[in-house]
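Each remark here refers to the structure printed beneath this line.
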Amino acid sequence: MAEYTKDEIKRIEEKWRKTWIDKEVYKVSNNTEKPKCYVLDMFPYPSGAGLHVGHPLGYIASDIYARFKRIKGFNVLHPMGFDAFGLPAEQYALEHGIHPAVSTADNINNFKRQLGNIGFSYDWSREVQTCDPKYYRWTQWIFLQIFDSWFNRKKEKAERISELIKIFEVEGNVNHSIPNSKFRTQLFTAADWKSYSEKEQQEILMEYRLAYLAYTDVNWCEALGTVLANDEVINGVSYRGGFPVVKKQMRQWSLRITEYAERLLKGLDEIDFSESMKEIQRNWIGKSVGALVNFQLTIDNFQLTVFTTRPDTIFGVDFMVIAPEHDLVKKITTPEQKDEIEKYLKYVESRSEIDRMAEVKKITGAFTGAYAINPFNGREIPIWISEYVLAGYGTGAIMGVPCGDERDHKFAKHFKLPITNIIGSHYNGEEANPTKDAILENSDFLNGMVMHKAIDVVATKLQEMGIGKRQVNYKMRDAGWSRQRYWGEPFPVIFKDGMPYAVKESELPLELPPSDNFKPSGNGEGPLANLTDWINFAPDQKRDSNTMPTHAGAAWYFLRYMDPHNDHAFADKKALDYWNQVDVYVGGSEHAVAHLLYSRLWTKVLHDLGYINFDEPFKKLINQGKITGDSRFVYRLSFSATLNKDFKLPQIFVSKGICDKGSNEEGTFESVGKILSRFGEGAFSIDYKSLENGLHVDISIVNGLELNTDAFKAWKPDFENAEFIFEDENGNPTLDPTKGKYICGSAIEKMSKSYFNVVNPDQIITDYGADTLRMYEMFLGPLEASKPWNTNGIDGVYKFLRRFWNLLHDSTGKFKVSDAEPTREELKVLHKTLKKVEQDIENFSFNTSVSEFMICANELSSLKCNKRKIIEPLVIALSPFAPHLTEELWSLLGHPDTILNASFPKFEEQYLIESSFSYPISINGKVRAQMEFALDVPKEEIEKTVLASEIVQKWTEGKPPKKVIVVPGKIVNVVM
RNA sequence: GCCCGGGUGGUGGAAUUGGUAGACACGCAGGACUUAAAAUCCUGUGGAUAGUAAUAUCUGUACGGGUUCAACUCCCGUCCCGGGUACCA
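Taken in order, the first sequence gives residues 82 to 1057; the numbers are from the working numbering.
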């Protein structure tokens, strides 16, 4: 008896998984005539919790696409690996004393087992693990290439440091000023360069390197004695313990990603990412176009440079504001204002990150006593300092235009500064108006000009007068690349005389030294600083105690898959050229800024240095939505009671409906009384407030919303003596479990162990099989949408697979296909399905392709069709979705080879043409008639009937028009 | 606040991009098989009105207006929801 039952599914799935492994059917070769297709998942961090049903969503989608492309004749690279360095393993080691390498390896094994159960077609021979020295050898190597590079702004690309030295030796740095010099420009000549010491030269080069050391802020937590990552700091306090966190300067590695801001921005236009994803990256890069304007001060020889995007408002400047940290503050403050300024500086210093974040609306500032001169009308403008101007952006100084900028307006109102109106009626005196459409007033030579035109006029004029120039600024900061952690890639550098030098290529990898001490060293350095012998490995030579962030290994792993076992290069040039860009990259949108930007950056640098010939890593990005959990709650009544016997009081749980009704209901009170009376006579009082906060209950002991009370009692020892107040059909309280149910509360939230709402895919696979899981996850809704996990519709998908199976088996369970020739109708069903499914897969619209298969199965069932010529192509088309089932059917159909060697059937339009067709005749928007014609009706007949000469004109090669729209008197449209 | 994305039955969601809205699935209701239940199969299912019935008519894609022979789809305004970001000049 072969029925599509639990046992049969299990047998089939195990059989094929084994066959795939034994025959290495998914192993991919780099040498083939076939066109390539690279389908990639974002590799996971192997967490201890294992996979939940949300993880495979994207993997299933990419697997379907990869399998589809294979049977379309492509050589498909579809690998998997692990982002295996990272904080949680280190934290786990601190708490449980298990080495990160050990727990990581365990977790990876568990992940691989779970992934294996779902039937993915990964080429595991290409697996990468970022914590493997054979892998991170090349992470370190690429880091050194970046270290050995600088960004030539003239050519807009990275070049070797040796090129830069050559330039310095010939012309100094006059043509290549130091990048990002905010407050200082250090120019030197060739002669100067040659006179510098080795250390001085290295320090200058460091200002140019794309990977550089500099003093940057870290989140320092004194109480924990450690540095925290940004996501470990929440609202200015530590994630663990809630201790205060302050900014501290440490000498750390950074990547000069800001040099690539423009290219990262432009690159977005060429790649197929969702609009929202591009928007997030654009916002992050934060380009703004404007101008630098120099203002002379009334004090001789001082000038103030501001950055503005609105030079057109230059006559509306009523004050200047500079950041408290600005160099000029100390130099220009007048003696009369000195006290006030110092008081303010102290105040700013005392403000923690938390204060700043909490009180962004608070307006503060102080007047320096100095004045700047408006270059166009000579007006003297007071210079203030305020913390709302950030030292790190632009020049750390702004010109205040209160009528056009909200913050400036509030500042002016607060300090009672005069407000010049340059936009006439657009300004109402109450709030600023940032319009660009106003006609300028009070603006000298700009009067009568529309603002957006004036922007360019002023910028040009500034340039002519030599007191300003056009300028582009970016919000994006350089990427901090040091982590004070153990479980990461060590920096492959050696410090001599305080400056880092690259480790020799032959000495890579610089392996992570063995250690069982993962505590931070306490002085702000990471655990590696505890290994003093390793750090100070030779006289006058030191290593770096920091490690790289997890982004490092992830920034290039997609290249390693192309040639994962290469010992001579991160990948062979031929392999890199062949596989080229990732055709489709599938992953979560949470990586929008960090991972995707760093990957793009590393790709661009490697491209500039000539290692690869593409400069965007991912041609197309698909963001699968999150699958959220559906939590259940129980409501515990808290009460106090004085009973005349000394019993352990029970815990009483109240059904949701009773809670909602208002718990003061007499029935509830009575019920509690009855429960307690079993424990003896006495008085009690109830605290209903606690009912508002439900307790998470494990979703596996809840059926829909109804709690399985016996399972609940067994769930935790605490609940052993639980008592329940049920609700009956009318929503009234009852203690009798036969008359009522315990109804739980529910909420949609993140899937998490601590919410007890995690659904493990292993369970679904045991109940329904991997094919049903795969199809159901796709059927759940559009891939990119977030949706809660529920199993409401899983039976529908399971029924479909069973129906398909039954189609090919007779009532005794014998496999049966007929060799009879299919009818036209059957062919139509087949080709319609093929066409739709193919189009849907190309568009990643898997939910509709699953629907299409269901429609197809319904139609074939009602036609009772089990003909080979129909079934075979369908089995192939279905194989990306349900690989186990289709492999089995494929072999039953008599094919010794795996279905991978079949090719996706071509649909033929000829079968899609209707055997008859109808004209909906719509008049004034209403369909007034349907006119049916058989295909063989002659044109003349049609002409006579509808008098539609246009239809006949468009009638070509026997194809009837699909639809004709008619309004009284004429034909509006003929849809062919 | 600003910038994106979205709002369609009881539910998840379709709709060839302007052409008969609600495919497919869940749920629900009715029926068949069964001693019974489960499973399976069949039928119905946006709302309203009329009719014994097949059916017919009206209404309907967050709300208000517009363009069009024709609008879920395009335009203007309003309201909600989701995501990103936040003194970025």
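Here a beta-carbon is modelled for each residue, glycine too, at the ideal position from N, C-alpha and C. Predicted model, so just to flag it, every value in this text is computed and none were measured.
> Which term fits Asn617, buried or exposed, when burial requires 16 or more other beta carbons within 10 angstroms of its beta carbon?
Replying inline: As a first step, residue 617 is located in the first sequence; it is residue number 536 there, counting from the start. Flag for Asn617 reads exposed.
>> In whole angstroms, give me the CA-to-CA distance for Lys280 and Met580.
In response: Here residue 280 refers to the residue found at position 199 of the first sequence. Here residue 580 refers to the residue found at position 499 of the first sequence. Pairing Lys280 with Met580, the inter-Cα distance amounts to about 7 Å.
> Excluding the five sequence neighbours on either side, which residues of its own chain have a C-beta within less than 6 Å of the C-beta of Thr516, listed in chain order?
Replying inline: Residue 516 sits at position 435 when you count from the first residue of the first sequence. Same-chain partners within the cutoff: His507.
> If you follow the alpha helix (DSSP H) that Gln282 is part of, which residue opens it and which one closes it?
Replying inline: The sequence position of residue 282 within the first sequence is 201, counting from 1. Looking at the DSSP string, the run of the alpha helix (DSSP H) that includes Gln282 is Glu279 to Met287.
> Is it right to say Phe324 is buried, meaning 16 or more other beta carbons lie within 10 angstroms of its own, or is it exposed?
Replying inline: For the purposes of this step, residue 324 is identified with residue 243 of the first sequence, where counting begins at 1. With fewer than 16 other Cβ atoms within 10 Å, it is exposed.
>> On the DSSP letters alone, give me the boundaries of the beta strand (DSSP E) that Asp768 sits inside.
In response: Within the first sequence, residue 768 is the residue found at index 687, counting from 1. Start and end: Gly763 to Asp768.
> At what residues does the beta strand (DSSP E) containing Phe805 begin and finish?
Replying inline: If you number the first sequence from 1, residue 805 lands on position 724. Counting along the chain, the beta strand (DSSP E) containing Phe805 begins and ends at Glu804 to Glu808.
>> I believe Leu609 touches Ser626 by the beta-carbon criterion, under 8 Å. Please report the beta-carbon distance rounded to the nearest angstrom.
In response: Residue mapping note: residue 609 aligns to position 528 of the first sequence, counting from 1. Residue mapping note: residue 626 aligns to position 545 of the first sequence, counting from 1. Yes, they are in contact, since the Cβ atoms of Leu609 and Ser626 sit about 4 Å apart, within 8 Å.
>> Do Leu591 and Gln221 count as a contact pair if the criterion is CB distance below 8 Å?
In response: The residue given as residue 221 occupies position 140 in the first sequence. The residue given as residue 591 occupies position 510 in the first sequence. Cβ atoms of Gln221 and Leu591: closer than 8 Å.
>> Excluding the 5 residues flanking Asn928 on each side, which residues of the same chain have their C-beta closer than 8 Å to its C-beta?
In response: Against the first sequence, residue 928 aligns to sequence position 847. Around Asn928: Met859, Phe860, Leu861, Gly862, Pro863 and Leu864.
>> Taking DSSP's pairing of strands, which residues face Gly710 in a bridge?
In response: Working through the first sequence from its first residue, we reach residue 710 at position 629. BP columns for Gly710 point to Glu830.
>> Check this for me: beta carbons of Trp683 and Ile223, under 8 Å apart or not?
In response: Within the first sequence, the letter at position 602 stands for residue 683. Within the first sequence, the letter at position 142 stands for residue 223. Yes, the Cβ-Cβ distance between Trp683 and Ile223 is below 8 Å.
>> Which residue marks the beginning of the beta strand (DSSP E) containing Cys937, and which one marks its end?
In response: Within the first sequence, the letter at position 856 stands for residue 937. Cys937 -> not in any beta strand (DSSP E); alpha helix (DSSP H) instead, spanning Phe927 to Leu944.
>> So the candidates are Gly139, Val898, Pro405 and Lys193; which of them puts its Cα closest to the Cα of Glu468?
In response: For the purposes of this step, residue 468 is taken as residue 387 along the first sequence, with counting starting at 1. The shortest Cα separation from Glu468 among Gly139, Val898, Pro405 and Lys193 belongs to Pro405.
> Where Ala1029 and Thr904 are concerned, what is the direct C-alpha to C-alpha distance, given to the nearest angstrom?
Replying inline: By 1-based counting over the first sequence, the position of residue 1029 is 948. By 1-based counting over the first sequence, the position of residue 904 is 823. Because Ala1029 sits at a pLDDT of 47, beneath the cut-off of 50, its placement in the model cannot be relied upon, and the point is left open.
>> Under 8 Å, with one C-beta from each stretch per pair, do the segment 918-934 and the segment 117-124 reach the 3-pair mark?
In response: no
> For Val674, which residues of its own chain have a beta-carbon under 8 Å away from its beta-carbon, when the five flanking residues on both sides are left out?
Replying inline: Sequence index remark: in the first sequence, residue 674 carries index 593 (1-based). Here the set comprises Ile361, Gln362 and Trp365.
>> If you follow the beta strand (DSSP E) that Ile703 is in, where does it begin and where does it stop?
In response: Here residue 703 refers to the residue found at position 622 when the first sequence is read from its first residue. Residues Leu702 to Asn704.
> Between which two residues does the alpha helix (DSSP H) harbouring Glu461 extend?
Replying inline: Here the question's residue 461 lines up with position 380 in the first sequence. Where Glu461 is concerned, there is no enclosing alpha helix (DSSP H), although the beta strand (DSSP E) it sits in stretches over Glu461 to Ile466.
> With 16 other CB atoms within 10 Å as the buried threshold, where does Leu757 fall?
Replying inline: Taking the first residue of the first sequence as position 1, residue 757 is located at position 676. Label assigned to Leu757: buried.
>> Once DSSP output is grouped into helix, strand and coil, what is the label at Asn382?
In response: As a first step, residue 382 is located in the first sequence; it is residue number 301 there, counting from the start. The answer is coil: DSSP assigns Asn382 none of H, G, I, E or B.
>> Among Asp848, Pro869 and Ile875, whose alpha-carbon lies nearest the alpha-carbon of His857?
In response: Mapped onto the first sequence, residue 857 falls at position 776. The sequence shown places Tyr at residue 857, not His. That would be Ile875, whose Cα lies nearest to the Cα of Tyr857.
> alpha helix (DSSP H) containing Tyr567: first to last residue?
Replying inline: Numbered from its first residue, the first sequence carries residue 567 at position 486. Taken as a continuous stretch (DSSP letters only), Tyr567 belongs to no alpha helix (DSSP H), as it is neither H nor E.
>> Report the CB separation of Asn528 from Leu521 in whole angstroms; it is logged as a contact under 8 Å.
In response: Residue numbering aside, residue 528 sits at position 447 when the first sequence is read from its first letter. Residue numbering aside, residue 521 sits at position 440 when the first sequence is read from its first letter. Correct: roughly 6 Å between the Cβ atoms.
>> On a Cα-Cα basis, can you pick out the residue from Glu303, Gln330, Thr541 and Met331 that is closest to Ser319?
In response: Locating residue 319 in the first sequence gives position 238, counting from the first residue. Ranking Glu303, Gln330, Thr541 and Met331 by Cα distance to Ser319 puts Glu303 first.
> CB-CB under 6 Å to Asp489, same chain, minus the five flanking residues each way: which ones, in chain order?
Replying inline: Here residue 489 is taken as the residue at index 408 of the first sequence, counted from 1. Correct list, in chain order: Gly481, Val482 and Pro483.
> How would you call Asp381, buried or exposed, if buried means at least 16 neighbouring beta carbons within 10 angstroms?
Replying inline: Here residue 381 is taken as the residue at index 300 of the first sequence, counted from 1. Exposed: under 16 other Cβ atoms inside 10 Å.
> By Cβ distance below 8 Å, which residues in the same chain neighbour Gln622 in space, the five residues on each side in sequence not counted?
Replying inline: To locate residue 622, count along the first sequence from 1; it is residue 541. These residues qualify, in order along the chain: Ile575, Phe576 and Lys577.
>> By the DSSP assignment, the beta strand (DSSP E) with Gln552 in it spans what residues?
In response: Reading the first sequence from its first residue, position 471 is the one you call residue 552. Here the beta strand (DSSP E) through Gln552 covers Gly549 to Tyr555.
> Going by C-alpha distance, which of Gln662, Asn647 and Ile703 is nearest His672?
Replying inline: On the first sequence, position 591 is the one that residue 672 refers to. Just measuring C-alpha positions, the residue of Gln662, Asn647 and Ile703 sitting nearest His672 is Ile703.
> Grouping DSSP H, G and I as helix and E and B as strand, with all else coil, what is Thr307?
Replying inline: The count along the first sequence starts at 1 and reaches residue 307 at position 226. Residue state, collapsed to three classes: strand.
>> Can you tell me where the alpha helix (DSSP H) holding Met358 begins and where it ends?
In response: Walking along the first sequence from the start, residue 358 turns up at place 277. Per DSSP, Met358 belongs to the alpha helix (DSSP H) from Glu356 to Ile366.
>> Let me make sure I understand the geometry here. Which of Ala174, Lys913 and Thr86 has the alpha-carbon closest to that of Pro601?
In response: As a first step, residue 601 is located in the first sequence; it is residue number 520 there, counting from the start. The candidate whose alpha carbon is nearest that of Pro601 is Ala174.
>> Please classify Ile994 as buried or exposed, where buried requires at least 16 neighbouring CB atoms within 10 angstroms.
In response: Mapped onto the first sequence, residue 994 falls at position 913. Classification for Ile994: exposed.
> Based on Cα-Cα distance, which residue from Asp891, Ile952, Asn887 and Trp886 lies nearest to Thr914?
Replying inline: As a first step, residue 914 is located in the first sequence; it is residue number 833 there, counting from the start. Comparing Cα positions, the closest option is Ile952.
> Taking all protein chains shown into account, do 16 or more other C-beta atoms lie within 10 angstroms of the C-beta of Leu471, making it buried, or fewer, making it exposed?
Replying inline: Here residue 471 refers to the residue found at position 390 when the first sequence is read from its first residue. Counting C-beta atoms within 10 angstroms of its own C-beta, Leu471 has fewer than 16 neighbours from the protein chains shown and is therefore classed as exposed.
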